[in-house]
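What follows is a short report on a single structure.
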Amino acid sequence: MAPSMASYVARRAVTAAFTLLVATALAYSAMLLVPGDPARAILGMEADPQAVAALQRQLGLDRPPLERFGRWLAGVVRGDLGQSLRYQRPVAELVGQRLALTVPLVAASLAVAGLAALVLGVAAATRPDTGADLAVRLGALVGGSLPTFWIGLMLILLFSVRWGMLPSGGFSGWQDPLRAARELALPVATLALARTPLLARMVRAGLLESLEQPYIRTARAKGLGEGRVVLRHALRNALIPVLTVLGLEFSQLLVAGVVVESVFALPGLGTLALVAIEARDYPLVQGVVLVLAAFIVAVNLAVDLLYAAVDPRVAHP
Amino acid sequence: MSLRVGATLVGVVVAMALVSLVYTPYPPNATDFVHRLAPPSWAHPLGTDHFGRDVLSRIMAGAQNAIWVGVVAVGIGLVAGTALGLVSGYAGGWWDAGLSLVLEAWYSFPALLLALLLATAWGPGVTSSMVAVGLATVPAFYRVARAGVLATRNLPYVEAARAVGATGARILLRHVLPNVMPALLIQSSFAFGSAILAEAALSYLGLGTQPPHPSWGRMLREAQSFLALSPYPALFSGLAVATGVLGFNLLGDGLRDALDPTRRRGR
């Protein structure tokens, strides 16, 4: 690795670690914002004082805030996110179970959206001002303004209520892959439909720009077929900026996934967070938020490093 | 083009909110159990919901909620983000490096996660969702303001102001801020659109506006259970959200084209 590349990697890793620390502090400080005594807020005003005192001890409320944060942080580093108040089980275990649904859901949606955006973007850029082009431009405009959960509702309306083709919600596990695929078809379609338009516009813009470059003229002058020019020469450079937004897309999808899980009643991280909020299960909310934030930081770091590997100008300005 | 369409759509939403203060076809919370889940008709142009409440009246009243949430959220982001950005860009050095690092970290923390935390701490409600959405827009305003300071701080007229002994605060407020205003205005329009979208999502999840107060997101949540009986409440409240968000996004695009002639269009 060249020295400037190494220093770039080091710089990005430090920023990522710092971001994670800020996220941890934010997740933790939520408990400090609770007006009054969190233990009493959870158990109610009529609660037995001994039960309140016991819960205060369990939450660590009998110690100063900074010491509590230190203890919590030390636990987090060891993978111990505390104990859920509602489920009386380790938060890490509960979050882990839910990740088994949320991560495949987000990954599948990103894959579908990426593939669709690639096809639409290439179609739009190679035939400017035709139907495909106008559809991508209009779709990006309107698609970016539609609430994701509304797209989900409309898909339920068409595919479940009207045509009865797909289930309107619920998830029965991965044991039966075919059934799981049917149950996840609408959620994945919802998330993909929400993110495709903007990605397609980026592919289109990048491709239009790189098709104007001199090396494309050279490739054409060499007598290469147009398909080869577009796919092998132009698209490669056009995809670099798209790569950078994939990290952002992933975090957007993760967040949109929270809402979409609620639309389709899927047992993922998002619905877990909502149950935790309802039950005032602070350790569980903090755990979910922290894990989501950690995912976002990790994916952004990975994308930045990948970007530097693909485009040497990043690490060698 | 996008300026005009955007301004029109925003105008429709603002007009709905203002008119609903003095007039709605029916009281937004008035139930009518005889006409539950009615399709659009002359009496109820957008139909009725599962309590027989008039959907048009509720969408009009929901516009108030959307505008109010947008104003507060964008206000928080605009004031805090701009102040931090101006100080960071003008002071430079360690201040700038430190603030930039924190705000970068903040930027990757989605509004929804902040909202989850605040809803846990303060209980779900319109206050915690407005504050969460507002806090999430701070970094975007910070970037715009900081970039504006960096672009102007060494221009001759700023140096002239410094040479005649103007204080840092005076230079920032009287000489730098006016130059950053157009960019902040554009950013505000986009932030307003995202605030409406985010509040709708939070209300849909039950973390934002609480019943029976009409909010577009809440209406969508309630409509979902009756989707098989009547699609209209879900259809129209979703379109209301889309109109507001699209309006502010187009307005932002239009303002950018109008105020920043160096940007190329159509890409």
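Respectively, the protein sequence lines represent chains A and B. Counting with the working numbering, you get residues 105 to 421 for the letters of the first sequence. Counting with the working numbering, you get residues 509 to 775 for the letters of the second sequence. Virtual Cβ for every residue (Gly too), placed ideally from N, Cα, C. Computed from a predicted structure; not experimentally measured.
(message) Give me the residue from B:Asp540, B:Asp557 and B:Trp614 with the minimum Cα distance to proline 548 of chain B.
(response) As a working mapping, residue 548 of chain B is identified with position 40 in the second sequence. Of the candidates B:Asp540, B:Asp557 and B:Trp614, the one whose C-alpha sits nearest the C-alpha of proline 548 of chain B is B:Asp557.
(message) On the CB-based measure, 16 or more other CB atoms within 10 Å of its CB, does proline 719 of chain B come out buried or exposed?
(response) Stepping through the second sequence from its first residue, residue 719 of chain B is reached at position 211. It is exposed - the Cβ of proline 719 of chain B has fewer than 16 other Cβ atoms within 10 Å.
(message) Tell me the rounded alpha-carbon separation between threonine 119 of chain A and glycine 329 of chain A.
(response) As a first step, residue 119 of chain A is located in the first sequence; it is residue number 15 there, counting from the start. As a first step, residue 329 of chain A is located in the first sequence; it is residue number 225 there, counting from the start. Approximately 45 Å, taken between the alpha carbons.
(request) Please list, in chain order, all residues of the same chain as proline 533 of chain B whose beta carbon is under 7 Å from its beta carbon, the five residues on each side excluded. (result) Indexing the second sequence from 1 puts residue 533 of chain B at position 25. Excluding sequence neighbours, proline 533 of chain B sits near Asp562, Leu564 and Ser565.
(message) Is there a C-beta anywhere in chain B that falls below 8 Å from the one on valine 401 of chain A?
(response) Position 297 of the first sequence, counting from 1, holds the residue named residue 401 of chain A. Valine 401 of chain A counts as touching chain B.
(message) Buried or exposed, going by whether 16 or more other CB atoms sit within 10 Å of the CB of leucine 136 of chain A?
(response) In the first sequence, residue 136 of chain A corresponds to position 32, counting from 1. Counting Cβ neighbours within 10 Å, leucine 136 of chain A comes out exposed, since fewer than 16 surround it.
(message) Please confirm whether arginine 167 of chain A has its beta-carbon closer than 8 Å to some beta-carbon of chain B.
(response) Counting from 1 along the first sequence, the entry for residue 167 of chain A is found at position 63. Taking Cβ atoms only, chain B never reaches closer than 8 Å to arginine 167 of chain A, which makes this a no.
(message) With the cut-off set at 8 Å, would you say alanine 298 of chain A and alanine 360 of chain A are in Cβ contact?
(response) In the first sequence, residue 298 of chain A corresponds to position 194, counting from 1. In the first sequence, residue 360 of chain A corresponds to position 256, counting from 1. Yes. Within cutoff.
(request) Check the Cβ-Cβ distances between asparagine 537 of chain B and every residue of chain A, and say whether any is below 8 Å. (result) Locating residue 537 of chain B in the second sequence gives position 29, where the first residue counts as 1. No, because no Cβ of chain A sits closer than 8 Å to the Cβ of asparagine 537 of chain B.
(request) Consider the Cβ of serine 696 of chain B: report whether some Cβ of chain A lies at a distance smaller than 8 Å. (result) For this step, residue 696 of chain B is matched to residue 188 along the second sequence. No, serine 696 of chain B does not count as interfacial toward chain A.
(request) Taking valine 334 of chain A as part of the alpha helix (DSSP H), name the residues at either end of that continuous run. (result) Translated into positions along the first sequence, residue 334 of chain A becomes position 230. Per DSSP, valine 334 of chain A is not a residue of any alpha helix (DSSP H), being assigned neither H nor E.
(message) I'd like to know whether the C-beta of proline 318 of chain A is nearer than 8 Å to at least one C-beta of chain D.
(response) You won't find chain D in this structure, because its protein chains are A and B.
(request) Can you have a look at asparagine 662 of chain B and say buried or exposed, based on whether 16 or more other CB atoms are within 10 angstroms of its CB? (result) Residue numbering aside, residue 662 of chain B sits at position 154 when the second sequence is read from its first letter. Asparagine 662 of chain B is exposed by the Cβ-count criterion.
(request) Apply the 10 Å Cβ neighbour rule to tyrosine 319 of chain A and answer buried if 16 or more other Cβ atoms are within range, or exposed otherwise. (result) On the first sequence, residue 319 of chain A is found 215 positions in, with the first residue counted as 1. Exposure of tyrosine 319 of chain A is indicated by the presence of fewer than 16 other C-beta atoms within 10 angstroms of its C-beta.
(request) Give the single residue among A:Tyr386, A:Val392, A:Leu410 and A:Val401 whose Cα lies nearest to the Cα of alanine 142 of chain A. (result) Working through the first sequence from its first residue, we reach residue 142 of chain A at position 38. Checking the sequence, you will find proline at residue 142 of chain A rather than alanine. Looking at the Cα atoms, A:Tyr386 is the closest of the given residues.
(message) If you reduce the DSSP assignment to three classes, tell me which class glutamine 192 of chain A lands in.
(response) What you label residue 192 of chain A is simply residue 88 of the first sequence in a count that begins at 1. DSSP places glutamine 192 of chain A in coil when its eight states are reduced to three.
(message) Output needed for alanine 131 of chain A: all residues of its chain with C-beta closer than 6 Å, excluding positions within five of it in sequence on either side, in chain order.
(response) In the first sequence, the residue the question calls residue 131 of chain A occupies position 27. Same-chain partners within the cutoff: Gln390, Val393 and Leu394.
(message) Under 8 Å: do the region 252 to 261 of chain A and the region 331 to 344 of chain A share three or more Cβ pairs, one atom per stretch?
(response) no
(message) For the region 675 to 691 of chain B against the region 730 to 737 of chain B, do three or more pairs of beta-carbon atoms, one drawn from each stretch, fall closer than 8 Å, so that the two count as touching?
(response) no
(request) Compute the Euclidean distance between the alpha carbons of alanine 412 of chain A and leucine 526 of chain B, then round it to the nearest angstrom. (result) As a first step, residue 412 of chain A must be located in the first sequence, where it is residue number 308. As a first step, residue 526 of chain B must be located in the second sequence, where it is residue number 18. Cα to Cα, alanine 412 of chain A sits roughly 51 Å from leucine 526 of chain B.
(request) Counting only the same chain and skipping the five closest in sequence on each side, list residues whose C-beta sits under 6 Å from that of phenylalanine 700 of chain B. (result) To locate residue 700 of chain B, count along the second sequence from 1; it is residue 192. Once the five neighbours on either side are set aside, the close Cβ partners of phenylalanine 700 of chain B are Gly578, Val582 and Phe756.
(request) Quick one: list the residues of chain B neighbouring tyrosine 386 of chain A, beta-carbon separation under 9 Å, in chain order. (result) Within the first sequence, residue 386 of chain A is the residue found at index 282, counting from 1. Those are Thr628 and Ala629, listed as they occur along chain B.
(message) I'd like the list of long-range same chain contacts for asparagine 404 of chain A, defined as Cβ closer than 6 Å, with 5 residues on each side in sequence excluded.
(response) Residue mapping note: residue 404 of chain A aligns to position 300 of the first sequence, counting from 1. Excluding positions up to five away in sequence, the list reads Gly351.
(request) For glycine 183 of chain A, I'd like the list of residues in its chain whose CB is within less than 8 Å of its CB, leaving aside the five on either flank, ordered along the chain. (result) The residue labelled residue 183 of chain A in the question sits at position 79 within the first sequence. So the qualifying residues of the chain are Ala196.
(message) Contact criterion: CB-CB distance below 8 Å. Does tryptophan 576 of chain B meet it with respect to chain A?
(response) Taking the first residue of the second sequence as 1, we reach residue 576 of chain B at position 68. It does not; no Cβ of chain A falls within 8 Å.
(request) Decide if valine 530 of chain B is buried, meaning its Cβ has at least 16 other Cβ atoms within 10 Å, or exposed. (result) By one-based count along the second sequence, residue 530 of chain B stands at place 22. Exposed, by the Cβ-count rule.
(message) If you follow the alpha helix (DSSP H) that glutamate 171 of chain A is in, where does it begin and where does it stop?
(response) The sequence position of residue 171 of chain A within the first sequence is 67, counting from 1. Here the alpha helix (DSSP H) through glutamate 171 of chain A covers 169 to 181.
(request) Please report the residue range of the alpha helix (DSSP H) in which glutamine 187 of chain A lies. (result) Reading the first sequence from its first residue, position 83 is the one you call residue 187 of chain A. Premise fails: glutamine 187 of chain A is in no alpha helix (DSSP H) and is neither H nor E.
(message) Let's test the definition: count the other Cβ atoms within 10 Å of the Cβ of alanine 304 of chain A and tell me whether it reaches 16, buried, or not, exposed.
(response) By one-based count along the first sequence, residue 304 of chain A stands at place 200. Buried: at least 16 other Cβ atoms inside 10 Å.
(request) Could you have a look at threonine 234 of chain A and say whether DSSP puts it in helix, strand or coil? (result) Position 130 of the first sequence, counting from 1, holds the residue named residue 234 of chain A. It is coil, neither helix nor strand.
(request) Taking the CB atoms as reference points, tell me whether alanine 220 of chain A and threonine 300 of chain A lie closer together than 8 Å. (result) Residue numbering aside, residue 220 of chain A sits at position 116 when the first sequence is read from its first letter. Residue numbering aside, residue 300 of chain A sits at position 196 when the first sequence is read from its first letter. The answer is yes: Cβ separation under 8 Å.
(request) Pair every Cβ in the region 708 to 717 of chain B with every Cβ in the region 361 to 380 of chain A, then say whether three or more of these pairs are closer than 8 Å. (result) yes
(request) Could you check if aspartate 761 of chain B is buried or exposed, using at least 16 other CB atoms within 10 Å of its CB as the buried criterion? (result) Taking the first residue of the second sequence as 1, we reach residue 761 of chain B at position 253. Buried: at least 16 other Cβ atoms inside 10 Å.
(message) Just verifying my parser: in three-state terms, what is the DSSP assignment at threonine 348 of chain A?
(response) Within the first sequence, numbered from 1, the residue matching residue 348 of chain A stands at position 244. Here threonine 348 of chain A carries a helix assignment [DSSP, helix/strand/coil].
(message) For aspartate 152 of chain A and alanine 629 of chain B, I'd like the C-alpha separation in whole angstroms.
(response) If you number the first sequence from 1, residue 152 of chain A lands on position 48. If you number the second sequence from 1, residue 629 of chain B lands on position 121. So the alpha carbons of these two residues sit roughly 22 Å apart.
(message) Taking the alpha carbon of alanine 703 of chain B as the reference point, which residue from B:Arg726, B:Leu693, B:Leu643 and B:Glu667 has its own alpha carbon closest?
(response) On the second sequence, residue 703 of chain B is found 195 positions in, with the first residue counted as 1. Nearest option by C-alpha distance: B:Leu643.
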